[in-house]
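Chains as they are written, first to last, in the working numbering: chain E, 1 to 406; chain P, 1 to 256.
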């Protein structure tokens, strides 16, 4: 992600970009996990000037991230994430650091120096530790395969080449009276396309490296294609509820299309599986680690005003079993959308939520008001009373008490 | 990332200019620190790199460290010349009485305030209500509390970047100029400097002075200083903070 910005900024600065492979193949070949050997070992430190410069810049960046007030401060969760990274980090396990940022998006990024930032939206979506480990192993793969510096060198090479070509064409054209500007522009487009293609290739490498790492450390490798299946489902559900089509993959995309990643990972996951070995999914460990934050994670998600995605995520998590929290936020997603009939859907979810022992206090409040609004005041009052008993210090407690007196 | 506007304006000016430029703004009542005072330099950011043939800037760790050491030394000497004592905050743990988190908050606040100054003073988004008012921005109570806790009177925020054209880039620059003689005139940017400094009065919390410096040239081989050397660093410090002008009201009273 970070190098994406660098590259685009660099190319914009150049005025245009360049060309070497207009025949960029739309379907890039799958990279085999067996070919993915780590390129760095324990205690890796850069020895070449360009990589040292890159590291130097990122040291300051890490200081910013480490002191950011967007980080979720939870020592136990941090050491849990650190533990998973250490398990899947291969030879770089000891070099990797994880920071958890409170950003409700499905994303994570790796930096050249070995620290990664995981967005809280990732934890919202993962169904077990194996799925989480796949994303973390993908990020570790970027480090193990030295992607930042390889990409920077590719960018340097191609912009150098283009600049020489453009200057040559300009001077040659001026000397001979020919106008080559259109060819230079074409070369620019080609350069941008090949840079994007290389970026996609590295992402595919990280996927292949990642699936191998998690299988080697005992996680079920099929968890990785499953993450992509979920993401595709989420994007489709989000688009469908907005009555839009999902945007198609472009030739300038820095990452391969989710479909192609899922496809390749499905084959690769089978490839890296050992017939006799049993693989771990670690669902209970995962849920225990995120439990203190799960309500906030779901709350962040439903407030994004993306009901299609929110409902999809909730339903996908509920495939492992419904509970009060998921039902309550299912209701919240409907209520916040607020179209015709949504209120009824929401009320139904609240009623289901309070049947679970883990229903959050807010579910009782929502259920209570729903009952009062549908002509069942006595039951409604008792639900609100239950809310006050569970959350006597809630910021809206006085208002709810007032409702009870009406 | 939040520093982007500040960096962008330095970078943009770097690409366009062909000389040394500084533009400073001060609070109308600003009098440059003189005599006995304490100044803290807030985690100065320095970056030095090489410009590739294709025009990208590749950071160089060794040059950056060298430049940083030289700049800070030059700044200490320059401030001592005015009578001030300078404390350089190397990291957020570097000062007694203030937590790293508070320093981080202050830095983030400055990033916001500094970006606003750059936007409304340097990037053309002038505010009609602020005409002829110098800079009228404040860091508020947090800066005052920081000053009280540390005993410092001024805080200086400093950013400096410098870059040098590689051999390949110099050749491209030369071709761009040579081309002018045959009808393909395409001057290309090479290395150059971009820096800013902002002075906050910790007794009032106000940003009292701001300066932006750019040096660049489209001619190959032409440079306006090299902060990797002690002389070049001293030159940048002199251009950036050495010619601090008093605020408009102060100058008017002095009859300048």
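C-beta atoms are modelled at their ideal positions from N, C-alpha and C, and glycine is treated no differently.
Interface flag, residue i vs chain P, CB-CB below 7 angstroms
i	result
residue 56/E	yes
residue 21/E	Caution is warranted here: a pLDDT of 34 is assigned to residue 21/E, below 50, making its placement in the model unreliable, and the coordinate value is therefore given only provisionally. Output row for residue 21/E: interface = no.
residue 209/E	no
residue 74/E	no
residue 156/E	yes
residue 16/E	Residue confidence for residue 16/E is low, a pLDDT of 32 falling below 50, so the modelled location carries little weight and cannot support an answer.
residue 122/E	no
residue 171/E	yes
residue 167/E	yes
residue 218/E	no
residue 113/E	no
residue 101/E	no
residue 47/E	no
residue 407/E	Here chain E comprises residues numbered 1 to 406, so residue 407/E is not present and cannot be evaluated.
residue 374/E	no
residue 163/E	yes
residue 174/E	yes
residue 342/E	no
residue 90/E	no
residue 422/E	As shown, chain E starts at 1 and ends at 406. That puts residue 422/E outside it, with no answer to give.
residue 358/E	no
residue 53/E	yes
residue 67/E	yes
Residue-chain proximity (residue i, chain E), Cβ-Cβ < 7 angstroms
i	result
residue 58/P	yes
residue 182/P	yes
residue 186/P	yes
residue 46/P	no
residue 111/P	no
residue 150/P	no
residue 140/P	no
residue 247/P	no
residue 244/P	no
residue 189/P	no
Burial state of residue i (16 or more Cβ within 10 Å)
i	result
residue 270/E	exposed
residue 175/E	exposed
residue 313/E	buried
residue 182/P	exposed
residue 293/P	As displayed, chain P neither begins before 1 nor continues past 256, which places residue 293/P out of reach and without an answer.
residue 275/E	exposed
residue 25/E	In this prediction, residue 25/E has a pLDDT of 45, which is less than 50 and means its spatial position is unreliable; what the coordinates show is noted afterwards. The residue in question, residue 25/E, is exposed, as its Cβ has fewer than 16 Cβ neighbours within 10 Å.
residue 188/E	buried
residue 142/E	buried
residue 406/E	exposed
residue 159/P	buried
residue 221/E	buried
residue 392/E	exposed
residue 33/P	buried
Near the ligand FMN: residue i beta-carbon under 6 angstroms from a heavy atom
i	result
residue 175/E	Ligands in the displayed structure: none, and consequently the ligand FMN is not present.
Any C-beta of chain E within less than 9 angstroms: which residues of the region 61-82 of chain P qualify? 61, 62, 63, 64, 65
Return the residues of the region 182-199 of chain E that lie within a Cβ-Cβ distance of less than 9 angstroms from chain P, sorted by chain order. none
Quick one: which residues of the region 247-277 of chain E get their C-beta closer than 9 angstroms to a C-beta of chain P? List them in chain order. none
Name the residues in the region 81-103 of chain P whose C-beta lies less than 9 angstroms from a C-beta of chain E; which are they? 91, 92, 100, 101, 103
Those runs of the alpha helix (DSSP H) which lie wholly inside the region 207-253 of chain E and span at least 4 residues: 223-241
Hey, which unbroken runs of the alpha helix (DSSP H) at 4 residues or more fall wholly within the region 145-184 of chain P? 167-178
Report the start-end ranges of each alpha helix (DSSP H) in the region 105-151 of chain P that is 4 residues or longer and not cut off at the edges. 140-150
Mind listing which residues of the region 291-311 of chain E have their C-beta closer than 8 angstroms to chain P's C-betas, in chain order? none
Near-chain E residues of the region 160-175 of chain P - C-beta to any C-beta below 8 angstroms: 168, 172, 175
At least three beta-carbon pairs within less than 8 angstroms, the region 66-75 of chain P to the region 182-191 of chain P: no
For the region 121-135 of chain E against the region 219-238 of chain E, do three or more pairs of beta-carbon atoms, one drawn from each stretch, fall closer than 8 angstroms, so that the two count as touching? yes
The region 26-50 of chain P: which residues have C-beta closer than 8 angstroms to a C-beta of chain E, in chain order? 45, 47, 49
Residues within the region 191-205 of chain P neighbouring chain E, beta-carbon criterion of under 8 angstroms: none
Indicate whether the contact test is met: 3 or more Cβ pairs, each with one atom in the region 252-266 of chain E and one in the region 200-217 of chain E, closer than 8 angstroms. yes
If you scan the region 41-119 of chain E from start to end, which runs of the alpha helix (DSSP H) of 4 or more residues do you find wholly inside it? 49-66, 75-88
Between the region 209-235 of chain P and chain E, which residues of the former have CB atoms less than 8 angstroms from a CB of the latter, in chain order? none
Inter-stretch contact (C-beta, 8 angstroms, three-pair minimum) for the region 380-396 of chain E and the region 356-363 of chain E: yes
Do the region 139-153 of chain P and the region 233-243 of chain P meet, that is, are 3 or more Cβ pairs less than 8 angstroms apart? no
With a threshold of 8 angstroms, are at least 3 pairs of Cβ atoms found where one atom belongs to the region 161-168 of chain P and the other to the region 44-55 of chain P? yes
Length at least 4, wholly inside the region 261-331 of chain E: the alpha helix (DSSP H) runs in chain order: 283-302, 307-318
According to a CB-to-CB cut-off of less than 7 angstroms, which residues of the region 112-127 of chain P neighbour chain E? none
I want to know whether the region 86-97 of chain E touches the region 34-41 of chain E - three or more CB-CB distances under 8 angstroms. yes
Three-pair Cβ contact test at 8 angstroms for the region 165-183 of chain E versus the region 232-242 of chain E: no
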